[in-house]
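Participant: Structure incoming, see below.
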Amino acid sequence: MGNKGRILKNTFFLYIRLVVVLLVGIYTTKIILSALGFDDFGIYNVVGGLVTTFTILTSSLSNACSRFITYEMGKQSGNRLNLMFSTSLMIMAILSLILVVFVETIGLWYLNTYMNITPDRLYAANWCLQFSLFTLIAQLFAVPYNASIIAHEKMGIFAYISIVDVLLKLIIVYLLQVSTFDKLIFYSFLLFLVSLLMLGIYMLYCTRNFYETHFRLIYDKAVIKDMFGYASWNFLGDSSILARTQGIDLVMNYFYGSVINASRGISVKISTMATGFVSNFLLAIRPQILQNLAQKKYDELYDLIFYGTRFSYYLVLIISIPIILEAPFVLKLWLNEYPPYTVEFVRLTFVGTLLESLTGTVVIAIVGCRDIKKYMIAIFFVSICTALPFCLLFSSLGLSPVFAFISSLFPVLFGIGIKVIYAKKMFNFPIGYFLRKVVMRLLVVTFLSLLLPLLLYVTLFHNSYRLVAVLFLGMPYVAFIIYLLGLTGNEKKQLYHRFFHKRKI
């Protein structure tokens with residue numbers, strides 16, 4: 001199977017995983033809320049939040065481990081690959097010790113001194129804190145094994161293990177309903193057991209199938225320094241996004257009130273669906289991008305970036321068009337009532353998601369390079385200096401909240417330029433070809449894709465009929481335009497062979 005065929009196959013597995021996780025998540029959240037009650041559910045989230053505050057740091061270290069393991073796999077260096085894996089586990093052990101010290105001192109003190117929890121639930125809250133800590137530690141140790149599975153492109157296994165995880169959480173829901181124990185303590189304990197079991201499954205599969213996942217106690221100062229250095233700069237990039245998002249939320253809250261924050265939160269929830277589909281596609285293509293980068297196969301690298309950019313954009317486009325056009329009806333159908341400006345925020349959020357999809361694969365290649373210091377500093381300043389000042393300016397001038405929201409798109413627009421410039425510096429990325437052959441093609445496809453859905457939108461007046469028409473007439477039309485103008489000749493042949501030629505046989 002070719003590289004692109006493998007990417008499509010892996011994406012299919014990841015989509016199955018995404019659908020199952022979403023459906024089970026929607027169901028279990030409702031039942032768990034009912035079983036625990038508002039108070040205990042709130043306690044679990046706020047107490048668990050003390051521990052998960054560290055997820056931004058652990059996410060940076062996880063990305064570092066994943067990058068180094070996948071990169072070394074591309075270089076096909078067995079000893080170095082084992083070194084990277086073993087070092088990753090040692091780093092997770094060090095981080096776990098730091099977490100234990102923090103939670104068992106500052107965390108316990110803050111929980112028992114400042115948290116607004118009724119005295120009769122404080123005992124349960126303390127147990128919840130302990131089990132949340134152990135759950136996170138188990139998840140940390142699973143990261144290098146998880147990275148190895150993804151680096152080997154075993155997305156089917158990754159999807160199956162994730163489905164086992166959500167099925168176990170379904171069992172938790174049942175046990176929670178029939179249990180006579182303290183439900184908050186029991187729920188926290190069961191989540192810890194599931195995380196421990198998932199770690200065991202990852203370890204068992206990896207040690208049986210991947211030679212590099214056999215841990216050895218090796219101390220290599222240079223590798224540890226490289227990993228922590230990479231993670232620290234990655235953390236700067238992640239924290240800039242967090243600071244920008246929270247900063248805009250605080251400014252909008254100050255000038256427009258909490259209702260506007262609710263509108264913004266709803267728009268983000270809806271767009272998460274689209275970004276979830278794109279994230280799964282990028283996860284499938286990531287190993288091949290990093291391995292080609294490691295082997296310095298730049299022609300193959302560029303081809304994967306172009307291919308990934310187009311398909312990421314198409315995935316968002318085909319979801320965005322009906323939601324952007326029918327945002328009022330979709331929101332009414334989902335929420336019945338929604339805060340003011342939600343429609344405008346939803347539409348702008350999807351525009352931002354479309355723009356971000358243009359450089360998703362470019363970013364994978366950039367952060368796959370060893371030296372990301374200058375890039376992350378540039379992204380940090382662009383993210384902070386373009387969004388917050390304009391948001392503050394528009395809000396203080398008394399303009400509509402829509403203008404303040406638009407400021408969140410500025411870092412995305414400026415970021416596109418920053419990303420392609422640094423890609424040019426790091427691996428001689430062909431910017432001119434990218435703009436002519438990829439971006440221009442996407443603009444043409446977008447323009448033509450909007451024609452029929454827009455025609456249906458302006459000519460039909462009944463909301464439900466119009467939504468059905470946009471979905472069942474407009475979306476096949478968009479898919480046809482993407483096939484006709486958005487795919488290369490070879491991609492059309494591969495698609496035809498995969499879906500039609502086999503059926504004839």
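The sequence shown lines up with residues 1 to 505 when you count with the UniProt record's numbering. Every residue, glycine too, gets a C-beta built ideally from N, C-alpha and C.
Does the Cβ of Met198 have 16 or more other Cβ atoms within 10 Å, making it buried, or fewer, making it exposed?
Facilitator: Position 198 of the sequence shown, counted from the start, is the residue given in the question as residue 198. Buried is the call here.
Participant: What is the DSSP secondary structure of Lys75, counted as helix, strand or coil?
Facilitator: Along the sequence shown, read from residue 1 onward, the residue named residue 75 stands at position 75. Helix.
Participant: Confirm, please, whether the CB-CB distance from Ala159 to Arg347 is below 7 Å.
Facilitator: Indexing the sequence shown from 1 puts residue 347 at position 347. Indexing the sequence shown from 1 puts residue 159 at position 159. Cβ distance not < 7 Å, so Arg347 and Ala159 don't count as in contact.
Participant: Span of the alpha helix (DSSP H) holding Gln246?
Facilitator: By 1-based counting over the sequence shown, the position of residue 246 is 246. Gln246 -> alpha helix (DSSP H) spans Lys221 to Tyr256.
Participant: If we ignore side chains and look at the alpha-carbon of each, how far apart do Ala387 and Asn146 end up?
Facilitator: Within the sequence shown, the letter at position 387 stands for residue 387. Within the sequence shown, the letter at position 146 stands for residue 146. Rounded to whole angstroms, Ala387 to Asn146 spans 35 Å at the Cα level.
Participant: With a CB to CB cut of under 8 Å and the five nearest residues on each side skipped, what residues in its chain are close to Tyr298?
Facilitator: To locate residue 298, count along the sequence shown from 1; it is residue 298. Closer than 8 Å at the Cβ level, and outside the excluded window around Tyr298, lie Asn292, Phe427 and Asn428.
Participant: Out of curiosity, what's the CA-to-CA distance linking Ile224 and Arg244?
Facilitator: In the sequence shown, residue 224 corresponds to position 224, counting from 1. In the sequence shown, residue 244 corresponds to position 244, counting from 1. Spanning the two alpha carbons is a distance of roughly 30 Å.
Participant: Quick one: what's got a C-beta closer than 8 Å to Val412's C-beta in the same chain, skipping five residues either side?
Facilitator: Within the sequence shown, residue 412 is the residue found at index 412, counting from 1. Gly352, Leu355 and Glu356, listed in sequence order.
Participant: State the start and end residues of the unbroken alpha helix (DSSP H) segment that holds Asp182.
Facilitator: Looking up residue 182 in the sequence shown gives position 182. No alpha helix (DSSP H) contains Asp182, which DSSP labels as neither H nor E.
Participant: Give the single residue among Thr359, Val47, Thr113 and Tyr174 whose Cα lies nearest to the Cα of residue 520.
Facilitator: Residue 520 lies beyond the stretch modelled for the chain, which goes from 1 to 505, so this question has no answer here.
Participant: Would you call Gly107 buried or exposed, if buried means 16 or more other Cβ atoms sit within 10 Å of its Cβ?
Facilitator: Mapped onto the sequence shown, residue 107 falls at position 107. Burial call: buried.
Participant: Can the beta-carbon of Ser407 be found less than 7 Å from the beta-carbon of Phe390?
Facilitator: For the purposes of this step, residue 407 is taken as the residue at position 407 of the sequence shown. For the purposes of this step, residue 390 is taken as the residue at position 390 of the sequence shown. It is a contact, given that the beta carbons lie within the stated cut-off.
Participant: Using alpha carbons as the reference points, say which of Ala284, Ser320, Tyr302 and Ile270 lies closest to Leu335.
Facilitator: Start at 1 with the first residue of the sequence shown, and residue 335 comes out as number 335. Minimum Cα distance to Leu335 is reached at Ile270.
Participant: Kindly indicate which three-state DSSP category Ile505 falls into: helix, strand or coil?
Facilitator: As a position in the sequence shown, residue 505 is number 505, starting the count at 1. Bear in mind that the predicted position of Ile505 carries a pLDDT of just 40, short of 50, making it too unreliable to give a figure here.
Participant: Please return the same chain residues whose Cβ sits closer than 6 Å to the Cβ of Gln139, not counting the five positions on each side in sequence.
Facilitator: Counting from 1 along the sequence shown, the entry for residue 139 is found at position 139. Same-chain partners within the cutoff: Ser195.
Participant: What separation, rounded to the nearest whole angstrom, lies between the Cα atoms of Glu153 and Leu184?
Facilitator: Taking the first residue of the sequence shown as position 1, residue 153 is located at position 153. Taking the first residue of the sequence shown as position 1, residue 184 is located at position 184. C-alpha separation (whole angstroms): 38 Å.
Participant: How would you label Gly37, buried or exposed, when you count the other beta carbons within 10 angstroms and need 16 or more for buried?
Facilitator: Mapped onto the sequence shown, residue 37 falls at position 37. Label assigned to Gly37: exposed.
Participant: Using a 10 Å radius around the Cβ and a threshold of 16 neighbouring Cβ atoms, would you call Gln177 buried or exposed?
Facilitator: Looking up residue 177 in the sequence shown gives position 177. When all chains shown are included, Gln177 counts as exposed.
Participant: Based on Cα-Cα distance, which residue from Val402, Ile201, Lys221 and Leu485 lies nearest to Leu448?
Facilitator: Translated into positions along the sequence shown, residue 448 becomes position 448. Ranking the options by Cα distance to Leu448, first place goes to Leu485.
Participant: Alpha carbon to alpha carbon, how far is Ala124 from Asp182?
Facilitator: On the sequence shown, residue 124 is found 124 positions in, with the first residue counted as 1. On the sequence shown, residue 182 is found 182 positions in, with the first residue counted as 1. Straight-line Cα distance between these residues: approximately 8 Å.
Participant: Going straight from the alpha carbon of Leu450 to that of Ile321, what length do you get?
Facilitator: Counting from one through the sequence shown, the residue named residue 450 turns up at place 450. Counting from one through the sequence shown, the residue named residue 321 turns up at place 321. Distance between the alpha carbons of Leu450 and Ile321: 7 Å.
Participant: Based on Cα-Cα distance, which residue from Tyr422, Gly417, Asp120 and Ser383 lies nearest to Gln246?
Facilitator: Counted from its first residue, the sequence shown places residue 246 at position 246. Considering only alpha carbons, the answer is Ser383.
Participant: Spatial neighbours of Lys504 within its chain, please: CB distance less than 6 Å, with the 5 preceding and 5 following residues excluded, ordered by chain position.
Facilitator: Reading the sequence shown from its first residue, position 504 is the one you call residue 504. Bear in mind that the predicted position of Lys504 carries a pLDDT of just 46, short of 50, making it unreliable; the figure below should be weighed with that in mind. There are no such residues.
Participant: How would you call Gly74, buried or exposed, if buried means at least 16 neighbouring beta carbons within 10 angstroms?
Facilitator: Here residue 74 corresponds to residue number 74 of the sequence shown, with the count starting at 1. By the 10 Å Cβ count, Gly74 comes out buried.
Participant: Return the chain-ordered list of same chain residues with a C-beta closer than 8 Å to the C-beta of Val24, the five sequence neighbours on each side being excluded.
Facilitator: By one-based count along the sequence shown, residue 24 stands at place 24. Within the same chain, Val24 has close Cβ partners Val166, Leu167, Lys169 and Leu170.
Participant: Any idea what DSSP makes of Asn336, helix, strand or coil?
Facilitator: On the sequence shown, position 336 is the one that residue 336 refers to. Here Asn336 sits in coil by DSSP.
Participant: Kindly give me the distance between the Cβ atoms of Ala365 and Ile289, rounded to whole angstroms, as I take these residues to be in contact under 8 Å.
Facilitator: Position 365 of the sequence shown, counted from the start, is the residue given in the question as residue 365. Position 289 of the sequence shown, counted from the start, is the residue given in the question as residue 289. Going by Cβ atoms, the distance from Ala365 to Ile289 rounds to 5 Å, so yes, they are a contact pair.
Participant: Going by beta carbon distance, what residues of the same chain come within less than 8 Å of Leu14, once the five residues before and after it are set aside?
Facilitator: Position 14 of the sequence shown holds residue 14. Excluding positions up to five away in sequence, the list reads Met155, Phe158, Ala159, Asn280, Phe281, Leu283 and Ala284.
Participant: Nearest-angstrom Cα distance between Leu393 and Phe410?
Facilitator: Here residue 393 refers to the residue found at position 393 of the sequence shown. Here residue 410 refers to the residue found at position 410 of the sequence shown. Distance between the alpha carbons of Leu393 and Phe410 is about 14 Å.
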